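Notes follow once the structure below has been shown.
There are 2 protein chains.
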Amino acid sequence: MEKFDLNSFLPYQVNVLASRMSRSLEARYRNKFGITVSEWRILVHLYQDQAGLVSTRDIQQRVDMHKSRVSRAAKKLEGSGYIIKRPHPTDRRIINLALTEKGHEIMGEISPIASQYQVDLLASLGELGKPFRDGLNALLEART
Amino acid sequence: MEKFDLNSFLPYQVNVLASRMSRSLEARYRNKFGITVSEWRILVHLYQDQAGLVSTRDIQQRVDMHKSRVSRAAKKLEGSGYIIKRPHPTDRRIINLALTEKGHEIMGEISPIASQYQVDLLASLGELGKPFRDGLNALLEART
DNA sequence: CCAATATTGTTGCGCTTGCAACAATGTCAA
DNA sequence: TTGACATTGTTGCAAGCGCAACAATATTGG
Numbered sequence: 002m003e004k005f006d007l008n009s010f011l012p013y014q015v016n017v018l019a020s021r022m023s024r025s026l027e028a029r030y031r032n033k034f035g036i037t038v039s040e041w042r043i044l045v046h047l048y049q050d051q052a053g054l055v056s057t058r059d060i061q062q063r064v065d066m067h068k069s070r071v072s073r074a075a076k077k078l079e080g081s082g083y084i085i086k087r088p089h090p091t092d093r094r095i096i097n098l099a100l101t102e103k104g105h106e107i108m109g110e111i112s113p114i115a116s117q118y119q120v121d122l123l124a125s126l127g128e129l130g131k132p133f134r135d136g137l138n139a140l141l142e143a144r145t
Numbered sequence: 002m003e004k005f006d007l008n009s010f011l012p013y014q015v016n017v018l019a020s021r022m023s024r025s026l027e028a029r030y031r032n033k034f035g036i037t038v039s040e041w042r043i044l045v046h047l048y049q050d051q052a053g054l055v056s057t058r059d060i061q062q063r064v065d066m067h068k069s070r071v072s073r074a075a076k077k078l079e080g081s082g083y084i085i086k087r088p089h090p091t092d093r094r095i096i097n098l099a100l101t102e103k104g105h106e107i108m109g110e111i112s113p114i115a116s117q118y119q120v121d122l123l124a125s126l127g128e129l130g131k132p133f134r135d136g137l138n139a140l141l142e143a144r145t
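Going down the list, the sequences are from chains A and B. Each residue of the first sequence is one higher than the last, beginning at 2 in our numbering. Each residue of the second sequence is one higher than the last, beginning at 2 in our numbering.
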């Protein structure tokens, strides 16, 4: 009698997969650059959004991280010289973040690694790739 | 020019989804029973495997948790009276875990909640459910 | 038999995180 | 204008985690 099968329980599966992916990907750049996932998310966000009007608040909303997590990761990134904090021109509560030249350089190196990882993942998925991504997006959009 | 789109980056998406699922599901039972995800995994495993020959080592291997994490969660569960630790009959290094009556009772309550959550998830996925699960399983099997 | 090695589970350590409280600043209504 | 409320970012705290070291026990090779 099967009361409950953990191995086919979606939240469990997704969590396990997430941990493995993070770990596997992080292994590809952590030792080399000393970057954690939280910092990586901020860097990517600054890298892709060239506008530069990026506050801690923006990142918190767009990158699904609690503001305290953003705050601490940003502090570390500033200390490492990858980003700088600049005051918002009119609202003094807001702190804008921007990549330094060093930040651009490291993203120039890490970004291809991440892209390649994605390519590898999709290759291993084969024709399941498309429907899997559709389902993933559906679930992500379902819960606002 | 799109250098890198975080929102369509698979490891990011899967991680965000995993966090939301855990949080959403945990909210359905944590306050009521004071159970964390780690403890939940152990309880489910003991619940579904009636054989009872379940050591910390078994759980560690099957439930994708580091042994220290299993050890601590088991200690908490024992303290809460949900499980008991029993010595292995021949190998004195091994500690077998088993649900107490109280443990069975709580699983009788939580298990349907989890099942219902899965039903809700699949409902929101609609016809994407099947291919999504296929892709998920493919990724989980890909990395041993 | 015994010495070296392997396995099992626990624990100290450092790190990260979420939460709540907080200070500083901005907004808005009366 | 001003007083109440909202927003932004930081920090103390407690909890959880992975790693590595460890003690206890088991296995294996000579």
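Note that CB positions come from ideal geometry on N, CA and C, so glycine has one too. All figures in this text were calculated on a predicted structure; none of them were measured in a lab.
Applying the criterion that 16 or more other CB atoms from any shown protein chain within 10 Å of the CB defines a buried residue, is T91 of chain B buried or exposed? Looking up residue 91 of chain B in the second sequence gives position 90. Burial call: exposed.
Checking contacts by CB at 7 Å: is F133 of chain A closer than that to chain B? The count along the first sequence starts at 1 and reaches residue 133 of chain A at position 132. Closer than 7 Å to some Cβ of chain B, the Cβ of F133 of chain A qualifies, so yes.
Just to confirm, are V71 of chain A and T57 of chain A a CB contact at a threshold of 7 Å? Here residue 71 of chain A is taken as the residue at index 70 of the first sequence, counted from 1. Here residue 57 of chain A is taken as the residue at index 56 of the first sequence, counted from 1. Yes, the pair counts as a contact, with Cβ atoms nearer than the cut-off.
Tell me which residues of the segment 11-27 of chain A have at least one Cβ-Cβ distance to chain B shorter than 8 Å, keeping chain order. L11, P12, Y13, Q14, V15, N16, V17, L18, A19, S20, R21, M22, S23, S25 and L26
In the DSSP assignment, find the unbroken alpha helix (DSSP H) run with I111 of chain B in it and report its ends. Position 110 of the second sequence, counted from the first residue, corresponds to residue 111 of chain B. Its alpha helix (DSSP H) spans residues E102 to L126.
Given that Y48 of chain A touches chain B, what residues does it touch there, using C-beta distances under 7 Å? On the first sequence, position 47 is the one that residue 48 of chain A refers to. The contacting residues are K4 and F5.
Just to confirm, are L98 of chain B and L141 of chain A a CB contact at a threshold of 7 Å? Reading the second sequence from its first residue, position 97 is the one you call residue 98 of chain B. Reading the first sequence from its first residue, position 140 is the one you call residue 141 of chain A. No, the pair does not count as a contact, with Cβ atoms beyond the cut-off.
Quick one: give me the first and last residue of the alpha helix (DSSP H) that K86 of chain B is part of. On the second sequence, residue 86 of chain B is found 85 positions in, with the first residue counted as 1. Where K86 of chain B is concerned, there is no enclosing alpha helix (DSSP H), although the beta strand (DSSP E) it sits in stretches over I84 to P88.
Does the Cβ-Cβ distance between V15 of chain B and R42 of chain B come in under 7 Å? On the second sequence, residue 15 of chain B is found 14 positions in, with the first residue counted as 1. On the second sequence, residue 42 of chain B is found 41 positions in, with the first residue counted as 1. It is not a contact, given that the beta carbons lie outside the stated cut-off.
Is the shortest distance between the beta-carbon of G136 of chain B and the beta-carbons of chain A less than 7 Å? Numbered from its first residue, the second sequence carries residue 136 of chain B at position 135. So yes, G136 of chain B belongs to the interface.
Taking CB distances under 7 Å as the criterion, tell me whether Q119 of chain A reaches chain B. As a first step, residue 119 of chain A must be located in the first sequence, where it is residue number 118. Q119 of chain A counts as touching chain B.
For S39 of chain A, would you say it is in contact with chain B, using Cβ-to-Cβ distances shorter than 7 Å as the test? Position 38 of the first sequence, counting from 1, holds the residue named residue 39 of chain A. No, no contact with chain B.
Short CB-CB distance (under 7 Å) between S69 of chain A and chain B: Against the first sequence, residue 69 of chain A aligns to sequence position 68. Chain B contact via Cβ: absent.
Mind pulling the chain A residues with CB within less than 9 Å of D65 of chain B? What you label residue 65 of chain B is simply residue 64 of the second sequence in a count that begins at 1. By Cβ distance, chain A contributes Y13, N16, V17, S20 and R21.
Between which two residues does the alpha helix (DSSP H) harbouring K4 of chain A extend? Indexing the first sequence from 1 puts residue 4 of chain A at position 3. Here K4 of chain A belongs to no alpha helix (DSSP H), and DSSP marks it neither H nor E.
Where R29 of chain A meets chain B, residues with beta-carbon distance less than 8 Å: To locate residue 29 of chain A, count along the first sequence from 1; it is residue 28. In chain order: nothing, as chain B lies at least about 11 Å away.
With H, G and I counted as helix, E and B as strand and the rest as coil, what does DSSP make of I95 of chain B? Your numbering for residue 95 of chain B matches position 94 in the second sequence. Looking at I95 of chain B - three-state DSSP - the assignment turns out to be coil, as it is neither helix nor strand.
Nearest by alpha-carbon distance to M108 of chain B: which of B:S25, B:S20, B:N8 and B:K33 is it? One-based indexing of the second sequence puts residue 108 of chain B at position 107. Considering only alpha carbons, the answer is B:K33.
In the DSSP assignment, the alpha helix (DSSP H) including H67 of chain A goes from what residue to what residue? Locating residue 67 of chain A in the first sequence gives position 66, where the first residue counts as 1. Premise fails: H67 of chain A is in no alpha helix (DSSP H) and is neither H nor E.
Along chain B, in chain order, which residues have C-beta atoms closer than 7 Å to that of A143 of chain A? The sequence position of residue 143 of chain A within the first sequence is 142, counting from 1. Neighbours of A143 of chain A on chain B, chain order: S125.
Name the DSSP bridge partner or partners of S23 of chain B? Your numbering for residue 23 of chain B matches position 22 in the second sequence. In DSSP, S23 of chain B forms no bridge with anything.
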